[in-house]
Amino acid sequence: MDKRTFLKSAGLLGVGSMLGSGSLVELFGSVKEVPSAVLAEDEDFWKQVRAGYLLNPDIINLENGYYCILPQKSLESLIKHIRDINYQGSYYMRTVQFENKKAMAAKLAALAGCPPEELILTRNTTESLDIIISGFDWKTGDEAVMAEQDYPSMLNMFKQVAARHGVVNKMVSVPNHPASDEEIVNLYASAITEKTRLLMVCHMINLTGQILPVRKICDMAHSRGVQVMVDGAHAFSHFRFTIPELDCDYYGSSLHKWLSVPLGSGILYVKQKHIRNIWPLIGSGESNPDNILRLNQIGTHPAYTDLTVADALDAYNVIGAERKETRLRYLQHYWTDKVRKLPHVILNTPEDPERSCAIGNVGVKNLKPGELGDMLFKKYKIYCAPIDGAGVHGCRISPNVYTSTEELDVLVKALRELG
Ligand SMILES: Cc1ncc(COP(=O)(O)O)c(C=O)c1O
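First residue of the sequence shown? That's 382 in this note's numbering, and the numbers climb one at a time after it.
Listed below in structure tokens is the structure:
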């Protein structure tokens, strides 16, 4: 088989990449003229989207923040890619594997709005951001700024570079209900000194779903000579933005979260001028210091996951970024607006629609988050993520587009009854 024929069979060219989204195309084509805010509330419409998923009837899955399960058609595409690669064997791995991976990264760069030379496909946010933290050219006494609400995998790597290189880590604590962007910017600014070299900030805090004013933080940090690394694990393909408009130096995300790529897929963005200054986590044979592929050595890995990126992107593009974001924000406000004023309920997510999207976090007075999570699961079949630390005491609730308001009504009923 020649290379072109094989690329085609791997679903990379033309209509091949539309595999698996045919019925979605028709469905969304029928509502082209409907404003996204109107569509977001149309349960009959979203029921048809839901029909594209195989959902476990024994649970109400309100923990999509860990991993967004694949719609059946993406799952079928994944299985097809596994079959294709298994059929081609080493021939695939030794011929077009890397070209295909690069093609996937280029598609993701287009969605992120950045040049393809600045973005690579990784296995997850942990790998992406730990490449930067561990590979930064640290000198003893350098300082880094981060928040106690940041993700443990990154905080642990900062602890490691502190032990290894004598880096001093400065920790801020982000309030759950900030009064303004300036409050957050000033908080990060207050931790910067003349020795600060790198600041890590979450685009969306995973514990509460709070969206942080990343562009303003980048502007402030850059004015003081500090680089910014953004943890976008929950942001990419959840709500709309481009990486260049944030003007950050590094950005990492996990595609198995909101893009519904199979498990083990992520991106790393590095601003072109910094590529040569980062030490790869795994040694690479790439000799051009300005080539981002230097940072992309991982050895043999499940190459079919990479290929399914195209199918997930097709499905995402058919739904449309605006329609998805609007639906997700609608679902969060559907339940939070009903319980926010209940005296025994504590919402840990800001009310301002600009400061959150799908994810909300709720606590109940006199109940530990673990107890609340247990009760929600045992009595109401609701699966969610209890969180008890970093100033957040409550259960993280993360619906996806297929979540029905009927399911959220069960959550609202439970929260009322637990008072
Ligand atoms: C904010 C944040 N950063 C990083 C990660 C790590 O993602 P992964 O396990 O996909 O590397 C997560 C995972 O939930 C997260 O919520």
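C-beta atoms are modelled at their ideal positions from N, C-alpha and C, and glycine is treated no differently. Model, not experiment: these values are computed from the prediction.
- Shortest Cα-Cα distance from residue 508 to any of 418, 449, 534 and 759 involves 534.
- With a cutoff of 6 Å, residue 468 does not count as near ligand 1, since its C-beta is closer than that to no heavy atom of the ligand.
- Sorted by chain position, residues whose beta-carbon lies closer than 5 Å to a non-hydrogen atom of ligand 1 are 505, 506, 507, 532, 587, 612, 614 and 635.
- Pairing residue 685 with residue 462 gives a Cβ-Cβ distance under 7 Å.
- In the structure shown, residue 647 adopts extended strand secondary structure according to DSSP, grouped into three states.
- Counting along the chain, residue 678 sits inside no beta strand (DSSP E), nor does DSSP assign it H or E at all.
- Taken through DSSP and simplified to helix, strand or coil, residue 579 comes out as strand.
- For residue 599, the uninterrupted alpha helix (DSSP H) run begins and ends at 595-604, by DSSP.
- Distance between residue 540 and residue 550, taken at the CA atoms: about 8 Å.
- By the Cβ rule, the region 434-454 counts as touching the region 775-787, because three or more pairs are nearer than 8 Å.
- By the 16-neighbour rule on beta-carbons within 10 angstroms, residue 706 is buried.
- Apart from the 5 residues on each side of it in sequence, residue 409 sits with its Cβ closer than 6 Å to the Cβ of 699 in its chain, given in chain order.
- Burial of residue 717 is indicated by the presence of at least 16 other C-beta atoms within 10 angstroms of its C-beta.
- Looking only at 757, 603, 506 and 772, the smallest Cα-Cα distance to residue 794 is reached by 757.
- Counted as a single uninterrupted DSSP element, the beta strand (DSSP E) harbouring residue 551 occupies residues 549-553.
- Linking residue 620 to residue 502 through their CA atoms gives a straight-line distance of about 20 Å.
- Residue 711 sits buried, since 16 or more C-beta atoms from the chains shown fall within 10 Å of its C-beta.
- Contact check for residue 730 and residue 589: beta-carbon distance about 5 Å, within the 8 Å limit, so the pair qualifies.
- For residue 633, the three-state secondary structure derived from DSSP is strand.
- The Cβ-Cβ distance between residue 561 and residue 772 does not fall below 7 Å.
- Apart from sequence neighbours up to five positions away, the residues of its chain that approach residue 538 with a beta-carbon distance below 7 Å are 511, 514 and 515, ordered along the chain.
- For residue 493, there is no enclosing beta strand (DSSP E); the residue is found in the alpha helix (DSSP H) stretching over 478-493.
- Excluding sequence positions up to five before and after residue 529, its CB lies within less than 6 Å of the CB of 552, 554 and 771, all in the same chain and listed in chain order.
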